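Residue 688, in the working numbering, is where the sequence shown stops; the numbers in between run on with no holes.
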Amino acid sequence: MGQGLLATSLLSISGIRCLAKKPPNIVFIMSDDHGFQAISAYGGKLNQTPNIDRLAKEGVLFEQSFVTNSICAPSRAVMLTGKYSHLNGVIDNSKVFDNQQQTFPNILRANGYQTAIIGKWHLKCEPTGFDYWNVLPGQGNYYNPDFIEMGQRKRVDGYVTDLITDFALDWLQNKRDPQKPFCLLLHHKAPHRNWMPNIKYLHKYDDVEIPVPDTFFDDYSTREAAKTQEMEIARHTFLDYDLKVPDMPGQQDETEWEKMGSRMWQSTWRRMSDEQRAAWQKAYGPKNEAFRRAKLKGKELAKWKFQRYIKDYLRCIDSVDENVGRVLDYLDRSGLRENTIVVYTSDQGFYLGEHGWFDKRWIYEPSLRMPLLVRYPAEVPSGVRNTEDMVLNLDFAPTFLDFAGLKVPEDMQGRSFRPILTGKTPTDWRKAIYYHYYEYPAWHMVKRHYGIRTKRYKLAHFYYDIDEWELFDLQKDPEELHNVYNDPAYAEVVKELKAELEKLRVQYGDTNLQKYLPSKPQMVRHKAQGKKVRYLIPPDSRYDTGAATLVDGFAFTDGTYSNINLKTGWQGFEGGNMELVIDLGKEQLIETISAQFLQQIESWIFMPVAVKFSLSGNGQQFTVIGQLPNSISERAAESVIHSFRINGIGQSARFVKIKAKNRKTCPSWHPGAGGKAWIFCDEIVVL
Numbered sequence: 002m003g004q005g006l007l008a009t010s011l012l013s014i015s016g017i018r019c020l021a022k023k024p025p026n027i028v029f030i031m032s033d034d035h036g037f038q039a040i041s042a043y044g045g046k047l048n049q050t051p052n053i054d055r056l057a058k059e060g061v062l063f064e065q066s067f068v069t070n071s072i073c074a075p076s077r078a079v080m081l082t083g084k085y086s087h088l089n090g091v092i093d094n095s096k097v098f099d100n101q102q103q104t105f106p107n108i109l110r111a112n113g114y115q116t117a118i119i120g121k122w123h124l125k126c127e128p129t130g131f132d133y134w135n136v137l138p139g140q141g142n143y144y145n146p147d148f149i150e151m152g153q154r155k156r157v158d159g160y161v162t163d164l165i166t167d168f169a170l171d172w173l174q175n176k177r178d179p180q181k182p183f184c185l186l187l188h189h190k191a192p193h194r195n196w197m198p199n200i201k202y203l204h205k206y207d208d209v210e211i212p213v214p215d216t217f218f219d220d221y222s223t224r225e226a227a228k229t230q231e232m233e234i235a236r237h238t239f240l241d242y243d244l245k246v247p248d249m250p251g252q253q254d255e256t257e258w259e260k261m262g263s264r265m266w267q268s269t270w271r272r273m274s275d276e277q278r279a280a281w282q283k284a285y286g287p288k289n290e291a292f293r294r295a296k297l298k299g300k301e302l303a304k305w306k307f308q309r310y311i312k313d314y315l316r317c318i319d320s321v322d323e324n325v326g327r328v329l330d331y332l333d334r335s336g337l338r339e340n341t342i343v344v345y346t347s348d349q350g351f352y353l354g355e356h357g358w359f360d361k362r363w364i365y366e367p368s369l370r371m372p373l374l375v376r377y378p379a380e381v382p383s384g385v386r387n388t389e390d391m392v393l394n395l396d397f398a399p400t401f402l403d404f405a406g407l408k409v410p411e412d413m414q415g416r417s418f419r420p421i422l423t424g425k426t427p428t429d430w431r432k433a434i435y436y437h438y439y440e441y442p443a444w445h446m447v448k449r450h451y452g453i454r455t456k457r458y459k460l461a462h463f464y465y466d467i468d469e470w471e472l473f474d475l476q477k478d479p480e481e482l483h484n485v486y487n488d489p490a491y492a493e494v495v496k497e498l499k500a501e502l503e504k505l506r507v508q509y510g511d512t513n514l515q516k517y518l519p520s521k522p523q524m525v526r527h528k529a530q531g532k533k534v535r536y537l538i539p540p541d542s543r544y545d546t547g548a549a550t551l552v553d554g555f556a557f558t559d560g561t562y563s564n565i566n567l568k569t570g571w572q573g574f575e576g577g578n579m580e581l582v583i584d585l586g587k588e589q590l591i592e593t594i595s596a597q598f599l600q601q602i603e604s605w606i607f608m609p610v611a612v613k614f615s616l617s618g619n620g621q622q623f624t625v626i627g628q629l630p631n632s633i634s635e636r637a638a639e640s641v642i643h644s645f646r647i648n649g650i651g652q653s654a655r656f657v658k659i660k661a662k663n664r665k666t667c668p669s670w671h672p673g674a675g676g677k678a679w680i681f682c683d684e685i686v687v688l
């Protein structure tokens with residue numbers, strides 16, 4: 002009998018060792034814009050996240066986890082490739098990810114793993130490196146979202162966080178090969194703007210007053226770059242789209258900004274079912290009526306907006322936490338728990354009213370710090386809170402490959418933190434992290450900047466149309482209110498940090514700031530240059546830099562661009578056509594006419610449907626010499642500049658008329674479906 006027990010014990014030990022030798026499964030759960038402040042395991046008092054907290058109790062929680070570029074698409078590209086933005090090509094949200102480049106899912110798949118991504122992809126291309134994919138187009142919608150499953154698009158009834166988890170559990174249970182190790186990327190849309198909670202949580206926090214952050218009414222007195230941002234809850238949220246207070250019947254929006262918010266809200270509202278709309282009306286109707294009656298102003302209005310924003314944000318997280326629990330429960334009861342690495346993170350941090358803000362982008366702590374929790378019972382101890390080691394989203398790819406027993410490619414810039422998870426931090430582990438943000442000018446108007454963060458200090462350089470340095474002593478000033486860059490007491494600190502910053506820029510190959518600055522037009526000399534332009538249909542007043550800029554001789558080269566400043570020479574026409582006449586001053590031979598247009602679909606700017614060219618000798622009777630249809634796909638993800646050009650005209654004329662036909666509204670697949678589409682024109686060239 003004793004021998005039998007011994008044999009059983011030996012078999013059991015042998016089985017555990019066999020299990021340990023199997024490549025681990027990976028479940029990589031990522032939410033969008035989930036600030037660490039809204040996870041109770043991090044000590045936050047805003048809400049409770051019991052299921053995410055399970056990962057902290059059963060694994061490791063990192064307090065010093067950071068993003069390299071705090072914005073959605075760039076962060077995702079960094080995680081996939083293990084390379085900084087300037088090397089993987091996605092420096093901002095306008096860029097298309099090169100899906101042929103090396104990624105950790107590709108490497109895992111080539112080495113026997115079965116791979117899948119379900120949920121948010123957000124990289125403007127089809128996912129590659131996956132045996133199965135079912136992703137949201139673009140940002141996706143909270144209610145009744147479209148999904149693209151292996152290239153086939155369809156609308157699915159339900160709430161997006163639940164649906165993503167449903168599809169993930171279905172793949173885990175029914176669609177994978179149980180004989181292979183797997184890697185599942187389960188990526189949620191929530192709690193991304195516009196923070197639409199599930200119906201079951203619409204009334205949660207109704208009886209709670211969320212404390213306003215101490216820095217909510219920050220005046221940015223020592224931080225020049227912060228003074229020109231456009232991400233304040235009080236001033237830059239849409240009352241309808243963000244805060245769910247739609248216009249009353251007969252009410253007219255006063256500004257173009259308000260009109261944009263209304264269009265986006267109406268698109269969202271139309272997607273919901275009658276039952277869903279009724280539930281929303283029941284939850285928000287009485288509260289909205291009370292808000293309208295109160296007629297709040299000033300700080301009281303700002304505080305009301307904060308309450309509406311933060312409660313909806315937290316309600317979205319309640320759904321995320323609930324669905325994390327569903328996944329953990331499945332792994333626990335299916336026998337997969339011991340040999341499955343579960344990672345929970347967000348693509349970056351987020352502002353929950355700190356400095357008065359929502360959104361991310363800055364090197365400041367709320368957006369720089371990411372939540373990171375890891376559970377792997379076969380190797381990682383439980384209940385560990387790592388407060389010292391600085392890890393980056395850059396490290397995820399090397400870490401997954403390391404756990405899989407695969408060699409980490411030498412061109413990956415991150416480093417595996419597997420040793421840290423087991424309590425064996427390498428002696429040469431980083432003491433500082435490097436950050437670089439590029440998306441300016443753009444939404445929220447956060448200046449371009451790069452910088453370094455050590456355990457105690459943070460140094461940042463804001464550049465392009467500004468040249469400002471900021472230094473914060475995080476020990477004395479954790480809320481980063483006092484820029485001490487010019488304080489003589491910190492002169493030596495500045496010197497040391499600048500030296501370390503340059504060292505990191507060289508190490509990561511990010512020394513050419515000019516390479517990624519917004520594109521500039523080139524001089525083109527032509528017959529219409531400096532001539533008089535008369536609008537028959539004028540541009541929108543917000544994008545009217547003067548008709549003369551259309552013939553000032555500065556034109557872009559046709560192609561794709563990552564950064565186009567819409568305020569430098571572009572003329573914008575919202576919802577209607579562009580029509581104008583150029584007076585060349587005298588009759589002359591014309592061989593070529595071209596008109597250059599921009600497409601930037603995320604800004605609701607599309608190519609004209611067609612452009613018509615006409616000539617006249619007297620400015621009264623015009624002869625059409627040609628009409629060119631658009632040849633650029635309306636779904637082109639990057640910013641595209643394209644010239645509609647007629648060659649070989651061979652006619653004499655004094656007057657040139659150009660009419661560009663607007664498509665009028667955004668297409669049905671676009672987030673702004675039904676809203677007014679823009680056309681943007683810059684240089685008109687006559688040769």
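Glycine included, every Cβ here is placed at the ideal spot set by N, Cα and C. For clarity, every value in this text was computed on a predicted model and none was experimentally measured.
Using 8 Å as the threshold, is the C-beta distance between residue i and residue j below it?
i	j	result
Tyr365	Thr69	no
Asp322	Asn52	yes
Phe555	Asn663	no
Arg316	Asp243	no
Pro372	Ser347	yes
Lys163	Asn324	The displayed chain sequence assigns Asp, not Lys, to residue 163. Yes. Within cutoff.
Arg154	Leu329	no
Leu353	Ala42	no
Ser417	Gly673	no
Is it buried or exposed, residue i, if we count other Cβ atoms within 10 angstroms and call 16 or more buried?
i	result
Met391	buried
Cys126	exposed
Leu616	buried
Ile14	The pLDDT assigned to Ile14 is 35, lower than 50, so where the model puts this residue is not dependable; a value taken from the coordinates is nonetheless given after this. With fewer than 16 other Cβ atoms within 10 Å, it is exposed.
Asn619	exposed
Phe463	buried
Ile602	buried
Trp363	buried
Thr512	exposed
Gln597	buried
Gln4	At Gln4, the pLDDT of 39 sits below 50, so the modelled position is not reliable; the number obtained from the coordinates is stated separately. Looking at its Cβ environment, which holds fewer than 16 other Cβ atoms inside 10 Å, Gln4 is exposed.
Asn135	buried
Glu1	The chain is shown from 2 up to 688; residue 1 falls before or after that span and cannot be answered.
Met232	buried
Following the continuous alpha helix (DSSP H) through residue i, name the residue where it begins and the one where it ends.
i	result
Val495	492-509
Asn107	105-111
Gly354	Run containing Gly354: none; DSSP gives neither H nor E here.
Ser669	From DSSP, Ser669 is part of no alpha helix (DSSP H); its letter is neither H nor E.
Arg646	Arg646 -> not in any alpha helix (DSSP H); beta strand (DSSP E) instead, spanning 640-647.
Ile118	Careful: Ile118 lies outside any alpha helix (DSSP H), inside the beta strand (DSSP E) at 115-121.
Pro287	275-295
Gly141	Unbroken run through Gly141: none, as it is neither H nor E.
Could you please give the first and the last residue of the uninterrupted beta strand (DSSP E) stretch that includes residue i?
i	result
Tyr377	Neither: Tyr377 is in no beta strand (DSSP E) and is coded neither H nor E.
Tyr365	Note, Tyr365: premise wrong, no beta strand (DSSP E); not H, not E.
Ala1	This structure does not reach residue 1, given that the chain is present from 2 up to 688, and the question cannot be answered.
Pro539	Segment: none, Pro539 is in no beta strand (DSSP E) and carries neither H nor E.
Ser615	611-617
Gln153	153-156
Using a Cβ cut-off of 8 Å (strictly closer), state whether residue i contacts chain C.
i	result
Ser268	Here chain C cannot be found, since the structure has a single protein chain.
For the stretch 28-103, which segments carrying the beta strand (DSSP E) assignment without a break, of at least 3 residues, lie completely within its bounds, in sequence order? 61-63, all fully within the stretch 28-103.
Count the CB pairs spanning the stretch 193-203 and the stretch 333-342 that are closer than 8 Å, and state whether there are at least three. no
With contact counted as at least three CB pairs below 8 Å, one residue from each stretch, are the stretch 376-390 and the stretch 47-62 in contact? yes
Please specify which runs of the alpha helix (DSSP H), each continuous and at least 4 residues long, are wholly inside the stretch 177-249, giving them in chain order. Every unbroken stretch of the alpha helix (DSSP H) spanning 4 or more residues and falling wholly within the stretch 177-249 is given here in chain order: 234-237.
Counting pairs of Cβ atoms below 8 Å between the stretch 296-313 and the stretch 351-359, do you hit three or more? yes
Measuring CB atoms only, is the stretch 523-532 touching the stretch 474-490, in the sense that at least three cross pairs come out at less than 8 Å? Contact between the stretch 523-532 and the stretch 474-490 is absent, because fewer than three Cβ pairs lie under 8 Å.
Could you tell me whether the stretch 22-38 touches the stretch 182-189, where touching means 3 or more Cβ pairs closer than 8 Å? yes
Hey, is the stretch 648-657 in contact with the stretch 602-613, meaning 3+ C-beta pairs nearer than 8 Å? no
May I ask you to verify whether the stretch 87-107 touches the stretch 398-412, counting CB pairs closer than 8 Å and requiring at least 3? With the rule of 3 Cβ pairs closer than 8 Å, the stretch 87-107 counts as touching the stretch 398-412.
Runs of beta strand (DSSP E) lying entirely within the stretch 453-480, each at least 3 residues, in chain order: Within the stretch 453-480, the complete beta strand (DSSP E) runs of at least 3 residues are 458-463, 469-474.
State whether the stretch 155-175 contacts the stretch 221-233, with contact taken as three or more CB pairs (one from each stretch) at a distance under 8 Å. no
Quick check on the DSSP output: what are the complete alpha helix (DSSP H) runs of length 4 or more inside the stretch 402-458, in order along the chain? 419-422
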